[in-house]
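Written out below as structure tokens is the structure these notes cover.
Number of protein chains: 2
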Amino acid sequence: MLSIAEENYLKAIYKILEKTGSKEASTKLIAQEMGTSSASVTDMIRKLNEKELLNYEKYYGVSFTKEGLKYSLDLIRKHRLWEYFLHTQLQFSWDKIHEIAEQLEHVKSEELIDRLDQFLDYPKYDPHGDPIPNKNGSFTFRTQFILGNLTEKNKEFIVLGVRSHDSEFLQYLDSLVIQPGRRLKILEYNAFDQSHLLQNEDHKILSISNKISNEILVKEL
Amino acid sequence: MLSIAEENYLKAIYKILEKTGSKEASTKLIAQEMGTSSASVTDMIRKLNEKELLNYEKYYGVSFTKEGLKYSLDLIRKHRLWEYFLHTQLQFSWDKIHEIAEQLEHVKSEELIDRLDQFLDYPKYDPHGDPIPNKNGSFTFRTQFILGNLTEKNKEFIVLGVRSHDSEFLQYLDSLVIQPGRRLKILEYNAFDQSHLLQNEDHKILSISNKISNEILVKEL
DNA sequence: AAATTATTTTAGATTTGCCTAAATTTTGCT
DNA sequence: AGCAAAATTTAGGCAAATCTAAAATAATTT
Ligand SMILES: [Mn+2]
Ligand SMILES: [Mn+2]
Ligand SMILES: [Mn+2]
Ligand SMILES: [Mn+2]
């Protein structure tokens with residue numbers, strides 16, 4: 273059993289590896305992600321190395337061991353299942369759930385998360401569209417496009433998720449009725465500033481900058 | 273915002289005051305309840321006194337301040353609401369819920385507990401029959417009897433709760449179909465050893481020692 | 001009212017997770 | 001290759017929460 277601090281380091285490393293696509297995470301990036309000093313990171317990764325959750329070579333960053341990766345995936349699973357619970361059962365808006373899930377994910381009980389999974393009917397994606405690992409740590413993949421890359425007029429899409437989880441961004445999307453499961457139609461695409469003119473499910477016309485559209489994930493139809 | 277350790281001390285003190293009916297809790301009893309040394313208790317109660325949650329007079333134990341009592345009641349509320357959730361929604365048996373609620377009760381979010389309360393439809397009693405304080409910290413009382421004190425033949429009762437939360441005791445009651453909401457009928461009372469012969473809801477005949485019956489709370493009808 | 005016992009507090013350490021500053025090592029650049 | 005910059009580790013310290021042992025105080029018994 274790991275402490276909350278140790279678990280948060282694992283999550284930070286997972287997030288870095290996911291974002292950079294690399295196999296190793298540097299002390300610097302971990303410190304940045306955790307909001308701590310590099311010295312603290314060195315202390316902690318040495319400890320997690322001793323617990324055989326991280327492969328650590330002095331001066332060359334860390335990678336996950338098999339057990340470290342599985343532990344991280346379990347944390348991601350717990351976090352996203354709790355987010356799903358908060359959103360679908362307790363009606364929390366999607367900009368409020370992350371912070372609470374950050375606490376709930378550290379509750380230690382395998383049976384709890386298994387029963388929660390069953391209670392929620394084994395959801396595959398969280399309220400932000402991120403995949404939820406199953407008990408074995410495997411994700412369900414799906415083809416998805418970044419709205420910002422789509423330019424075809426009159427084409428219709430279903431929102432799948434978002435790439436930014438920024439609270440204000442999510443609230444803004446709420447105000448535009450752009451949420452997972454909602455429909456969007458491209459009315460116009462402006463190649464000069466890469467902005468879109470969209471129609472939402474409520475037939476409202478929306479003008480969206482590429483700053484926004486690049487953070488929205490959709491599928492056709 | 274208090275640390276988990278600080279919160280657990282408040283709960284321990286609450287439990288002692290409830291059990292002893294006294295206004296002050298001694299260092300010794302707190303240490304016993306927490307499973308720590310008296311020295312640790314002295315350190316902590318001095319800290320909680322500085323935070324104005326406890327009234328503390330050196331060598332004479334502690335009592336709650338108004339804020340300390342409210343904080344404790346909020347913790348009891350969270351604990352019991354989570355237990356109710358685990359039992360009624362996730363189908364955990366009543367002997368498993370306490371341990372998990374001990375973790376969940378420390379999640380910090382007032383909105384979370386308010387929404388959970390609403391989701392569960394404002395339950396007044398937890399799965400062990402203990403009252404759940406409302407948002408203002410007030411309990412709903414009800415008249416209840418200790419089964420061990422009841423001797424009248426052929427009288428019928430509804431189980432309301434239990435006074436011991438021991439896991440093995442609860443499992444034993446499960447095996448006898450003695451659970452909150454279930455009916456019980458007194459077939460015989462033996463004054464010599466104070467044992468009861470009962471009939472449960474499944475029409476099974478049960479012989480119950482006073483050791484057991486003294487831990488069961490019931491109401492008439 | 002002493003003396004003994006029980007309880008509580010103080011003193012001094014330990015562990016965890018964090019910090020800053022200094023030393024070391026690697027990396028990038030001319 | 002050599003030097004400067006960047007990253008990392010080490011050293012030393014701090015706060016929280018714990019411990020054991022010793023000292024102080026209160027309660028009980030004679
Ligand atoms: Mn999240
Ligand atoms: Mn999410
Ligand atoms: Mn409980
Ligand atoms: Mn309970």
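In order, the protein sequences belong to chains L and E. In this text, residue positions in the first sequence follow my numbering: the first is 273, and each later residue adds one. In this text, residue positions in the second sequence follow my numbering: the first is 273, and each later residue adds one. Glycine included, each C-beta is placed from N, C-alpha and C at the ideal position.
Close beta carbons around residue i, own chain, < 7 Å, minus the five adjacent residues each side
i	result
residue 309 of chain E	303
residue 366 of chain E	359, 399, 400 and 442
residue 273 of chain E	380
residue 480 of chain E	467, 468 and 470
residue 446 of chain L	365
residue 473 of chain E	449, 454 and 455
Cβ neighbours of residue i in the same chain (closer than 8 Å, five flanking residues each side left out)
i	result
residue 277 of chain E	316
residue 374 of chain L	351
residue 318 of chain L	328
residue 413 of chain E	403
residue 423 of chain E	458, 461 and 463
Proximity test, residue i beta-carbon vs ligand 3 heavy atom, cut-off 7 Å
i	result
residue 370 of chain E	yes
residue 373 of chain E	yes
residue 355 of chain E	yes
Short Cβ contact (8 Å threshold) for residue i with residue j
i	j	result
residue 452 of chain E	residue 431 of chain E	yes
residue 429 of chain E	residue 492 of chain E	yes
residue 454 of chain L	residue 402 of chain L	no
residue 397 of chain E	residue 433 of chain E	yes
residue 489 of chain L	residue 435 of chain L	yes
residue 329 of chain E	residue 339 of chain E	no
residue 405 of chain L	residue 320 of chain L	no
residue 286 of chain E	residue 348 of chain E	yes
residue 466 of chain E	residue 420 of chain E	yes
residue 356 of chain E	residue 301 of chain E	no
residue 538 of chain E	residue 333 of chain E	Since the first residue of chain E shown is 273 and the last is 493, residue 538 of chain E is not available in this structure.
residue 461 of chain E	residue 425 of chain E	yes
residue 417 of chain E	residue 387 of chain L	no
residue 370 of chain E	residue 437 of chain E	yes
heavy atom of ligand 4 below 7 Å from residue i C-beta
i	result
residue 378 of chain E	no
residue 400 of chain E	yes
heavy atom of ligand 1 below 7 Å from residue i C-beta
i	result
residue 351 of chain L	yes
Inter-residue CB distance, residue i and residue j (contact presumed, cutoff 8 Å)
i	j	result
residue 448 of chain E	residue 477 of chain E	Actually they do not touch by this definition, with Cβ atoms about 10 Å apart.
residue 337 of chain L	residue 327 of chain L	6 Å
residue 409 of chain E	residue 342 of chain E	6 Å
residue 236 of chain E	residue 378 of chain E	Examination of residue 236 of chain E is not possible in this model, given that chain E is present from 273 through 493 alone.
residue 295 of chain E	residue 335 of chain E	5 Å
Ligand 2 heavy atom lying under 7 Å from the CB of residue i
i	result
residue 359 of chain L	no
residue 437 of chain L	yes
Residues of its chain near residue i, where Cβ-Cβ distance is below 6 Å and the 5 sequence neighbours each way are ignored
i	result
residue 306 of chain L	284
residue 281 of chain E	316
residue 427 of chain E	458
residue 487 of chain E	434, 435 and 436
residue 376 of chain E	354
Going along the segment 367-400 of chain E in order, which residues come within less than 9 Å of chain L, judged by CB to CB distance?
368, 371, 372, 375, 376, 378, 379, 380, 381, 383, 384, 387, 388, 390 and 391
Near-chain L residues of the segment 349-368 of chain E - C-beta to any C-beta below 8 Å
358, 361, 362, 363, 364 and 368
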